[in-house]
Every structure is written in C-alpha cells, then in structure tokens.
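First the structure, in the form of structure tokens, and then the observations on it.
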Amino acid sequence: MKFKKHILLFSGCLVAVGLVRFLTSPASFIPSPTLDDVPLNGPVVVELFTSQNCPYCPVADRFLDQLATRPHVIALGCHVTYWDRDPARKDPFSTPLCTDRQHAYDSYLNGTGVFTPHMMVNGEISLVGSKPYRITQALELSKNGLPEIAITASSSDTFDITLPDAVFSEKNNIHLTGVVIGTDQQGRYGPLSRPVLDIRDLTSHWNGTEKTMSLHLPNIPETAQSLVILVQEGENANGPIRAAGELFLHSSP
-18 MKFKKHILLF SGCLVAVGLV RFLTSPASFI PSPTLDDVPL NGPVVVELFT SQNCPYCPVA
42 DRFLDQLATR PHVIALGCHV TYWDRDPARK DPFSTPLCTD RQHAYDSYLN GTGVFTPHMM
102 VNGEISLVGS KPYRITQALE LSKNGLPEIA ITASSSDTFD ITLPDAVFSE KNNIHLTGVV
162 IGTDQQGRYG PLSRPVLDIR DLTSHWNGTE KTMSLHLPNI PETAQSLVIL VQEGENANGP
222 IRAAGELFLH SSP
C-alpha cells in the first residue's frame, strides 16, 4: 500500500512539474495554425515588432515566417529593445531603430501604447501579430497591393530606384526609407524570419519630384539578404506606406 502511495505521489509531482513547465514555457511550444491564403495583386508590407524575450511572440514569429514565403509579401521582422531587461539574455537582433520605429507608429496611432507582438500592414493597419483572423482581415483589406518600386544594383553599394507615378499624386510629408533585411535565423524558440538589420532615412537623397535616382548606400552588412525601399507618409515616416519594392542582394529566396 505504501509503495502504491509513493508511486501516486511521484506521479502527481511529475504532473505538477509538467504543468508548471507548460504554463511558463514560451508560446513556441504551442503549434501555430496555418494562415489562410489571401492572393495579393501587388506588394504588401508586413512589419512584425517582436522580441525573443517576449513570451507571446513565438507564434507571431511563425506567422511572419509563413507570410515571408508568399508572393508579394514584404515581411520585416523588427526586434525591439524594451524586452532586453536581462543583459545575459539580450535578443541579438534587437535594435533601437526598431524600437524608435514602433514608437513613431504609436505617435501616428494617437499614443495607444507599444506592445509585442505587434503587426503593422502597409503602415496603416495595426493588429496583434498572434491573431490569425486579424492577419487574414488585414491582408484582405490590402490585397490590391501597393504601387511597386523598381530597384536594381549598379554596384555592391549603389542602387538605381524608379518610383511609380502613383507616388506623386499625394505629396504630404512623403519620406523615402531604406530597410536592410538579414537572413533567416533559428531563434531560441523557433524560426526568425527576415530580421531588420538597418533602417535608413533616405529622404535627403530625394527632392520629392524625381522619378528615378541613384542611391549610394555604403556599409551594407555582408549578412544582408535584401534591400527594401519604402515611400511613406507622415511627419516621421510613420504613416501609410504608399509604395514599396525589394531587391534580393544575393539569390532569390
């Protein structure tokens, strides 16, 4: 009888330990569903503000990984710094550039507060990045796509840009932004797709009326996968994205 009691006590301890581990483990151990397929007719920019230290982010990271493989989706994995409370566990992809960009969006959204996982679609649709039905809704609303920016490389650090005519129909605080995307990584709790390595304000290189231009962009990291160019409204390039394009710097994905 005592032996049976010991077995039951030991089994109960195992169950308790397993429950605690389940409740305290990151969401990456919970399978994420497959997002609905929404055919897109042009570029759609999906920015995910995330962190490897955010317990709610692994599912959203997996959603971004799914989206990154789809035609016309320009996916940006922007890792913020405010989860890096423990220096020993700092997210190696976190950058103040992403934190600043999210705060700029928050200002555009009238100061509702920053959070993770946070998705912005085309710079104007804000949503929780772990909610698949919200992602599907945002893609449906954006399925016509943005006007596309043509980008070609004339050298390793010089790029020729052609802006679509649609950009010039509205010129209210228009900004030109370059985003350097790194290669996909395996993170602590799952895949990390298209981490943002650098964000550059290129507005000073553009007079606001040129349709074609040559941009000199030095010091692009060797680990860079692609260059994304955005035309974006807002005082601090924190409003709706009006045109987008991407150039893969090595081989296509």
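In this note's numbering, the protein residues as written are -18 to 234.
Here a beta-carbon is modelled for each residue, glycine too, at the ideal position from N, C-alpha and C.
List the whole-angstrom C-beta distance separating L157 from W187, where the pair is believed to meet the contact cut-off of C-beta under 8 Å. Taking C-beta atoms under 8 Å as the contact rule, L157 and W187 qualify, at a distance of about 5 Å.
Name the two residues that bound the continuous beta strand (DSSP E) containing A56. It spans V54 to H60 - the beta strand (DSSP E) in which A56 sits, taken as one unbroken run.
Per the DSSP calculation, G226 is bridged to which residue(s)? Bridge partners of G226 according to DSSP: I210.
Candidates S111, G92 and A119: closest to E105 by CA position: Ranking the options by Cα distance to E105, first place goes to A119.
Which value, in whole angstroms, describes the spacing of the CA atoms of N22 and P145? Answer to the nearest angstrom: the Cα atoms are 15 Å apart.
Three-state secondary structure (DSSP) at T117? When DSSP states are grouped into helix, strand and coil, T117 belongs to the helix group.
Given this structure, state the Cα-to-Cα distance separating S137 from E129, to the nearest angstrom. Our two residues, S137 and E129, have alpha carbons roughly 22 Å apart in a direct line.
From D18 to Y37, what distance separates their C-alpha atoms? Spanning the two alpha carbons is a distance of roughly 23 Å.
Decide yes or no for the touch test of the stretch 162 to 174 against the stretch 34 to 54: beta carbon pairs closer than 8 Å, at least 3 of them. The answer is yes - the stretch 34 to 54 touches the stretch 162 to 174, with three or more Cβ pairs under 8 Å.
Check whether S196 and I142 have beta carbons under 8 Å apart: With the sequence shown as reference, residue 196 is identified as Leu, and Ser is not the correct amino acid for it. In contact: L196 and I142 (Cβ atoms closer than 8 Å).
When the distance is taken between beta carbons, is T97 closer than 8 Å to F140? At a Cβ-Cβ threshold of 8 Å, F140 and T97 do not count as neighbours.
Within 10 Å of its beta-carbon, does T80 have 16 or more other beta-carbons around it, so buried, or fewer, so exposed? Of the other Cβ atoms in all chains shown, 16 or more fall within 10 Å of the Cβ of T80; this residue is therefore buried.
Grab the span of the alpha helix (DSSP H) containing S88 for me, first residue to last. For S88, the uninterrupted alpha helix (DSSP H) run begins and ends at P77 to Y89, by DSSP.
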